[in-house]
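Following: one structure in structure tokens, then a few remarks.
Protein chains: 2
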Amino acid sequence: MDRRQLKTRQAVFEAFTALLETKSYGSISVQEIIDRANIGRSTFYAHFETKDDLLRALCGEIFDHVFSPELGREPTHDFSGRRDLKGEITHILYHLGESRSYIRGILRRESGELFMRYFRERLEGVFGGALGEDRPDLPREYLLRHLTWDLAETVRWWMDHERYTPEEVSRFFFAAAPLEPEA
Amino acid sequence: MDRRQLKTRQAVFEAFTALLETKSYGSISVQEIIDRANIGRSTFYAHFETKDDLLRALCGEIFDHVFSPELGREPTHDFSGRRDLKGEITHILYHLGESRSYIRGILRRESGELFMRYFRERLEGVFGGALGEDRPDLPREYLLRHLTWDLAETVRWWMDHERYTPEEVSRFFFAAAPLEPEA
DNA sequence: CTGATACCGAACAAAGTGTTCTATATCGAA
DNA sequence: TTCGATATAGAACACTTTGTTCGGTATCAG
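Okay, structure coming up:
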């Protein structure tokens, strides 16, 4: 990719996230973004179709990082042959913690809606494969959706409660999630 | 309240919900709303400050209905003196089911964000009082927030799965919610 | 009946959107 | 280093949307 494009793209992302820290997504105009990013109007539209497109691209950037597999690390399995869900989740939480400064602003208000949707799409891949038949009393589609929004909202909560570590948050999530069979 | 105001207000709500069935909140203009409601521009702004204000008012209208106490029905308590949470929730779900046609459109996309926020604010009142010390292993603020988003998202899911009854949905919720002590 | 008030509809300034154009600067590859 | 390709700046453009104002008309409540 051309260095010029990369520089522009970064400048836009920087300006956008900075603005999201101070005001809501809907009230941010393209004008403000390009002023802050110090680029021309036509340049912006050469990169992104609309403001929504920009948000989508930014989320994609973040998730590509968050869901990147550890270098040289295969999905692990425990002794019973099931995937190590806890390990995967903690791994994701670590990366999210690193990106906190980018994410916190997005999660406020309307833009959070879009972020959460993309986030949960990715999470379906994680949970979909790992889901056994632990809870035959619940419709599978309800259970899957439940787990993804549980984790997504847990993350959203965590972003405003800096004092907890990824491990603690992971423990909270698994303690509250409906993964074990009902007593 | 003046009949004229009431008529206008109703016409706007009707037009707004109808538009939300077909297109996203952000892409609806005030112009479309007043055209469909067949009212003058200045009239709209005499009633609502902005589009967000309209959405807020509509949500308020809906929740006033949904959370209205049954006529002459006191909050019941079971034999141990705790509030009948299951009964209250099922009651709320019934009203939500009745308002499905108004709600479904709102819940799509960005407007859902606002709806869910107001919804959860109300739910905090319901859960806050009924919460015991069942889960000392979780921070109380996390638990409270967890319960409200659980129910709110359960409702959102339900609105697109018409085949379930309020009783069934209530059962799903309580089966998945972290209310019982961990085994 | 009558005073109050809600409505209509047109006009308005202001701001934002997305496109198009030309000139300029920067890039990557030979 | 050179050179063709391409990204950018910046201005101009038509267009939509927003929120306000105002004088005239219709409808309300008492």
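Each protein sequence line maps, in turn, to chains F and W. In terms of the numbering used here, the first sequence opens at residue 360 and continues consecutively. In terms of the numbering used here, the second sequence opens at residue 360 and continues consecutively. Glycine included, each C-beta is placed from N, C-alpha and C at the ideal position. These figures come from a predicted structure and were not determined experimentally.
Exercise for review: Please classify F:Met475: is it buried, with 16 or more other beta-carbons within 10 angstroms of its beta-carbon, or exposed?
Suggested key: Position 116 of the first sequence, counting from 1, holds the residue named residue 475 of chain F. Classification for F:Met475: buried.
Check your understanding: Between W:Trp517 and chain F, is there a C-beta pair that is closer than 7 Å?
Key -> For the purposes of this step, residue 517 of chain W is taken as residue 158 along the second sequence, with counting starting at 1. No, W:Trp517 does not count as interfacial toward chain F.
**Study point:** Where W:Arg515 falls, given that 16 or more other Cβ within 10 Å makes a residue buried
**Key:** Indexing the second sequence from 1 puts residue 515 of chain W at position 156. By the 10 Å Cβ count, W:Arg515 comes out buried.
Check your understanding: Which chain F residues are close to W:Leu497, counting only those with a beta carbon under 7 Å from its beta carbon?
Key -> In the second sequence, the residue the question calls residue 497 of chain W occupies position 138. The contacting residues are Phe531, Ala534, Ala535.
Exercise for review: Report the residue from F:Arg522, F:His406, F:Thr376 whose alpha carbon sits nearest the alpha carbon of F:Met360.
Suggested key: Position 1 of the first sequence, counting from 1, holds the residue named residue 360 of chain F. For F:Met360, the nearest C-alpha among the options comes from F:His406.
Review point. So, is the C-beta of W:Glu469 closer than 7 Å to a C-beta in chain F?
Key: To locate residue 469 of chain W, count along the second sequence from 1; it is residue 110. W:Glu469 counts as touching chain F.
**Study point:** Short Cβ contact (7 Å threshold) for F:Pro537 with W:Ala535
**Key:** Here residue 537 of chain F refers to the residue found at position 178 when the first sequence is read from its first residue. Here residue 535 of chain W refers to the residue found at position 176 when the second sequence is read from its first residue. Result yes, Cβ atoms of F:Pro537 and W:Ala535 sit closer than 7 Å.
Point to revise | Chain-ordered chain W contacts of F:Arg504 [CB-CB under 8 Å] | key: If you number the first sequence from 1, residue 504 of chain F lands on position 145. The contacting residues are Glu512, Trp516.
Review point. Hey, does W:Tyr501 have any beta-carbon neighbour from chain F nearer than 7 Å?
Key: The residue given as residue 501 of chain W occupies position 142 in the second sequence. So yes, W:Tyr501 belongs to the interface.
Check your understanding: For W:Ser470, which of helix, strand or coil comes out of DSSP?
Key -> Numbered from its first residue, the second sequence carries residue 470 of chain W at position 111. Correct three-state label for W:Ser470: helix.
Exercise for review: Can you give me the start and stop residues for the alpha helix (DSSP H) that W:Ser386 sits inside?
Suggested key: Along the second sequence, read from residue 1 onward, the residue named residue 386 of chain W stands at position 27. Element bounds for W:Ser386: n/a, residue is neither H nor E.
Check your understanding: In chain order, what residues of the same chain lie with their CB nearer than 7 Å to the CB of F:Arg459, ignoring the 5 residues before and after it?
Key -> Residue numbering aside, residue 459 of chain F sits at position 100 when the first sequence is read from its first letter. Within the same chain, F:Arg459 has close Cβ partners Met518.
Exercise for review: Compile a chain-ordered list of the residues in the stretch 470-497 of chain W whose CB is closer than 7 Å to at least one CB of chain F.
Suggested key: Gly471, Glu472, Asp496, Leu497
Exercise for review: Please work out which residues of its chain come closer than 7 Å, Cβ to Cβ, to W:Phe531, disregarding the five sequence neighbours upstream and downstream, and give them in chain order.
Suggested key: The residue you call residue 531 of chain W lines up with position 172 of the second sequence. Thr513.
Review point. Taking C-beta to C-beta, are W:Ala374 and W:Ile392 nearer than 7 Å?
Key: In the second sequence, counting from the first residue as 1, residue 374 of chain W sits at position 15. In the second sequence, counting from the first residue as 1, residue 392 of chain W sits at position 33. Closer than 7 Å, so yes.
Check your understanding: Looking only at C-alpha atoms, which of F:Tyr384, F:Gly399, F:Gln369 sits nearest to F:Leu466?
Key -> Taking the first sequence and counting its residues from 1, one reaches residue 466 of chain F at position 107. Answer by Cα proximity: F:Tyr384.
Check your understanding: Grouping DSSP H, G and I as helix and E and B as strand, with all else coil, what is W:Ser401?
Key -> Reading the second sequence from its first residue, position 42 is the one you call residue 401 of chain W. Correct three-state label for W:Ser401: helix.
Review point. Got a sec? Which residues, its chain only, sit under 8 Å from F:Ala511 by beta carbon, not counting five neighbours each side?
Key: Numbered from its first residue, the first sequence carries residue 511 of chain F at position 152. Within the same chain, F:Ala511 has close Cβ partners Met475, Phe478, Arg479, Leu482.
Point to revise | 8 Å contact criterion, which W:Leu502 and W:Arg494 should meet: CB distance rounded | key: Against the second sequence, residue 502 of chain W aligns to sequence position 143. Against the second sequence, residue 494 of chain W aligns to sequence position 135. Yes, they are in contact, since the Cβ atoms of W:Leu502 and W:Arg494 sit about 6 Å apart, within 8 Å.
Review point. Any idea if F:Leu455 is buried or exposed, counting beta-carbon neighbours within 10 angstroms, 16 or more meaning buried?
Key: Residue numbering aside, residue 455 of chain F sits at position 96 when the first sequence is read from its first letter. When all chains shown are included, F:Leu455 counts as buried.
Review point. By Cβ distance below 7 Å, which residues in the same chain neighbour W:Val485 in space, the five residues on each side in sequence not counted?
Key: For this step, residue 485 of chain W is matched to residue 126 along the second sequence. So the list reads Glu447, once near-sequence residues are dropped.
**Study point:** From W:Arg499, W:Val371, W:Glu380, residue whose alpha carbon lies closest to that of W:Tyr461
**Key:** Taking the first residue of the second sequence as 1, we reach residue 461 of chain W at position 102. The residue with the shortest Cα to Cα distance from W:Tyr461 is W:Glu380.
**Study point:** Reference F:Ser427; option with closest CA among F:Arg442, F:Tyr453, F:Lys410
**Key:** Start at 1 with the first residue of the first sequence, and residue 427 of chain F comes out as number 68. Comparing Cα positions, the closest option is F:Tyr453.
Point to revise | Beta-carbon gap between F:Arg539 and W:Glu472 smaller than 7 Å | key: The residue given as residue 539 of chain F occupies position 180 in the first sequence. The residue given as residue 472 of chain W occupies position 113 in the second sequence. Looking at the sequence itself, residue 539 of chain F is Glu, so the reference to Arg does not match. No, they are not a contact pair.
Check your understanding: What distance in whole Å lies between the Cβ atoms of F:Ser529 and F:Thr402, which are believed to be in contact at a cut-off of 8 Å?
Key -> Along the first sequence, read from residue 1 onward, the residue named residue 402 of chain F stands at position 43. Along the first sequence, read from residue 1 onward, the residue named residue 529 of chain F stands at position 170. No, F:Thr402 and F:Ser529 are not in contact; Cβ-Cβ is about 42 Å, not under 8 Å.
Check your understanding: Do W:Ile398 and W:Thr367 come within 7 Å of each other at the CB atom, strictly closer than that value?
Key -> The residue you call residue 367 of chain W lines up with position 8 of the second sequence. The residue you call residue 398 of chain W lines up with position 39 of the second sequence. Yes, Cβ-Cβ distance for W:Thr367 and W:Ile398 is below 7 Å.
Practice item. Go ahead and pull the three-state DSSP assignment for F:His520. Key: Within the first sequence, residue 520 of chain F is the residue found at index 161, counting from 1. If DSSP states are grouped into helix, strand and coil, F:His520 belongs with coil.
Check your understanding: Taking the alpha helix (DSSP H) that W:Leu538 falls in, what are its first and last residues?
Key -> In the second sequence, residue 538 of chain W corresponds to position 179, counting from 1. No alpha helix (DSSP H) holds W:Leu538; DSSP gives it neither H nor E.
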